[in-house]
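**Student:** Sending over a structure as structure tokens; questions will come in a sec.
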Amino acid sequence: MHHDEKNKIGLTVALSIVVGTIIGSGVFMKPGSVLDYSGSSNMAILAWVIGGLLTLASGLTVAEIGAQIPKNGGLYTYLEEIYGSFWGYLSGWMQTIVYGPAIIGTLGLYFSSLVINFFYLDKVWNLPIAIGTVVFLGVVNSMGTKYGGIVQTITTIGKMIPIVLIVVLGFWKGNSDIFNVVVPISENQSIGMAILATLFAYDGWILLASIGGEMKNPTKLLPKAMTVGILIVTAAYVLINLALLNVLPAAKIVDLGENATATAAGMLLGEYGGKIISIGIIVSIFGCLNGKILTFPRIPMSMAERGQLPFSKFIAKESSRFKTPANAITVEIILGIILMIISDPNKLSEISVFIIYIFYVMTFIGVFILRKRNKNKERAYSVPLFPIVPIVAILGSFFVIGSAIINDPISCFLSIGIVFTGLPVYWYLNKKNKTSV
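Quick note on my numbering: the sequence shown kicks off at 5 and runs consecutively.
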């Protein structure tokens, strides 16, 4: 017993997992979007803070579910246990067909837009570079997880350096107005959409709910790691946005969009210093994309193993040489490329947050269902301040989902429609599996 405890995760490691999992591309890519939607620097900073608090409420809520359902599989497993196999299936289908590909598409396009900016290339190269990068990482991850893991380690360091440097130098050297700066009114102003844009930068917290089982004392440690970790991330995001506002005029940040952070770095550190920071950001996004291509295909893979997808036999087949889910990776990458061709990264990232939050809300409501169902069972971990925290998570999510629908009803209903194509597939495969059993 004593020996096992030694290998379990302590607070420091748990914190680095929280911070490392959440901080990705969004902090570099989204400041312009958030400012544009919020209309002023004060509202933009508020959106980043609210996004952080909503993420914290979400993480603490789902951690209780994670403690009650200590299985791998995250969202898919939680919904299946709470609502039955259909909803579990639909969430897996959603992650396979919309969410995973949309995130891969978003990151591929963000990556190429930074590379183009870095090498002063023509915009014509945007799509080819994005597609080439995604295909390259697909091949790397099909050749084995070892290589993928090496990339992850390098990129974690890569993403912290730009954040620290921009924050420190931005406050030291910048002299722009930070507060009460208004940006030109855009037709799509909405604080809800500003918060939704920040949530893209906070996504990844759900992975943490499932690490409770590997912690030394999850009851105490999980809420502490979640709270401290997410507050560190929120502070980092707020600071980098304040630093950007201190260096660049707010309207310029909106104009530059995903290239604002790299431009600010160039102003702070001169051309060469700026290039070094840009490399850090590019490496960070490359790592983020690699992490997604490493993990997302596991969902279709496990669904295909249960015969829950069309062409399950093909998708479930591992590469005979490398023992990796090569076919599942291929499927995700093809879907990602289709989305890159028909959409743009900001739209794709907004759709991915919108669609996943519909399923997150169901998970948050699940806390109340599980408490009722298991009322005589002892809980390994309980949400602090119940029922306030889950209610905050639920209301915040509804606000974000509603804002997205008001802002762009067509994309939202289209993505819901695509998810519901899973219905006939589910019925057909269920019938087929029943007859073949």
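Where a beta carbon is used, it is the ideal one built from N, C-alpha and C, also for glycine. This structure is a prediction, so every number in the text was calculated from the model and none was measured.
For T238 and N331, what's the separation of their Cα atoms in angstroms?
**Tutor:** 37 Å
**Student:** What is the rounded straight-line gap between the Cα of T100 and the Cα of D181?
**Tutor:** Going from the Cα of T100 to the Cα of D181 covers about 44 Å.
**Student:** Do you know how far the Cα of S282 is from the Cα of K256?
**Tutor:** 18 Å
**Student:** Is the separation between the beta-carbon of A264 and that of L19 shorter than 8 Å?
**Tutor:** Taking the C-beta atoms as reference points, L19 is found no nearer than 8 Å to A264.
**Student:** Could you name the residues that DSSP lists as bridge partners for V186?
**Tutor:** S44
**Student:** Looking only at its own chain, which residues have a Cβ that is under 8 Å from the Cβ of I398, when we skip the five neighbours before and after it?
**Tutor:** If we look at I398 and ignore the five residues flanking it on each side, its Cβ neighbours are V365, F368 and I369.
**Student:** Classify M147 as helix, strand or coil using the three-state DSSP reduction.
**Tutor:** Here M147 carries a coil assignment [DSSP, helix/strand/coil].
**Student:** Return yes when the Cβ of V387 is within less than 8 Å of the Cβ of L58, no when it is not.
**Tutor:** no
**Student:** Quick check: the Cα distance between T202 and V38, rounded to an integer number of angstroms?
**Tutor:** For T202 and V38, the distance between alpha carbons rounds to 7 Å.
**Student:** If you follow the alpha helix (DSSP H) that D348 is in, where does it begin and where does it stop?
**Tutor:** No alpha helix (DSSP H) holds D348; DSSP gives it neither H nor E.
**Student:** Below 7 Å CB to CB, which residues in the same chain sit around N192 once its five sequence neighbours on both sides are set aside?
**Tutor:** Y41 and N411
**Student:** Would you report the Cα separation of H6 and R325, rounded to the nearest angstrom?
**Tutor:** The pLDDT assigned to H6 is 45, lower than 50, so where the model puts this residue is not dependable, and the model offers no usable value.
**Student:** Less than 8 Å between the CB atoms is what I'm expecting for G340 and P105, so what's the real figure, rounded?
**Tutor:** 4 Å
**Student:** Quick one, which of F32, I286 and G277 has its alpha-carbon nearest W52's?
**Tutor:** F32
**Student:** Rounded to a whole number of angstroms, what is the C-alpha to C-alpha distance between G274 and G284?
**Tutor:** 15 Å
**Student:** Please state if the CB of I69 and the CB of V393 are separated by a distance shorter than 8 Å.
**Tutor:** no
**Student:** If you count every other CB in all the chains shown that lies within 10 Å of the CB of Y80, and 16 or more means buried, which is it?
**Tutor:** buried
**Student:** Looking at the structure shown, is N398 part of a helix, part of a strand, or coil, going by DSSP?
**Tutor:** Checking the sequence, you will find Ile at residue 398 rather than Asn. Three-state result, I398: helix.
**Student:** If we call anything under 8 Å between Cβ atoms a contact, is A268 one with V251?
**Tutor:** yes
**Student:** Count the other CB atoms within 10 Å of the CB of I234; is the residue buried (16 or more) or exposed (fewer)?
**Tutor:** buried
**Student:** Check the DSSP bridge columns for M307 and list the partner residues they point to.
**Tutor:** Looking at the DSSP assignment, M307 forms no beta bridge with any residue, so it has no partner.
**Student:** Mind checking whether the beta-carbon of K381 lies closer than 7 Å to any heavy atom of the ligand SAH?
**Tutor:** No copy of the ligand SAH appears in this structure; indeed no ligand is present at all.
**Student:** Quick check: P304 and T110, are their CB atoms within less than 8 Å of each other?
**Tutor:** no
**Student:** Give the DSSP-derived three-state secondary structure of I280 in the structure shown.
**Tutor:** helix
**Student:** For M219, list the residues DSSP reports as bridge partners.
**Tutor:** According to DSSP, M219 bridges with I13.
**Student:** I'd like the span of the alpha helix (DSSP H) that includes S116, first residue to last.
**Tutor:** G104 to F122
**Student:** Could you check if F115 is buried or exposed, using at least 16 other CB atoms within 10 Å of its CB as the buried criterion?
**Tutor:** buried
**Student:** Who are the Cβ neighbours of M164 in its own chain at under 8 Å, not counting the five residues just before and after it?
**Tutor:** Scanning its chain for C-beta atoms nearer than 8 Å, with the 5 sequence neighbours on each side dropped, one finds around M164 the residues I27, in chain order.
**Student:** When you compare each of K177, G311 and T16 to K438 by their alpha carbons, which one comes out closest?
**Tutor:** G311
**Student:** At what residues does the alpha helix (DSSP H) containing L418 begin and finish?
**Tutor:** Per DSSP, the continuous alpha helix (DSSP H) segment holding L418 begins and ends at P413 to F424.
**Student:** What three-state label does DSSP hand G261 in the structure shown?
**Tutor:** helix
**Student:** Skipping 5 residues on each side, what residues in its chain have a beta carbon closer than 6 Å to that of E84?
**Tutor:** In the same chain as E84, and ignoring 5 residues on each side of it, the C-beta atoms closer than 6 Å to its own belong to G92, in chain order.
**Student:** Mark N380 as exposed unless 16 or more other C-beta atoms lie within 10 angstroms of its C-beta, in which case mark it buried.
**Tutor:** exposed
**Student:** Would G196 and G406 be called neighbours here (beta carbons separated by less than 8 Å)?
**Tutor:** In this structure, the beta-carbon distance from G196 to G406 falls below 8 Å.
**Student:** Looking only at C-alpha atoms, which of V258, S89, S288 and T160 sits nearest to W431?
**Tutor:** Among V258, S89, S288 and T160, the Cα nearest to that of W431 belongs to S89.
**Student:** Could you tell me whether the Cβ atoms of A247 and V171 are closer together than 8 Å?
**Tutor:** yes
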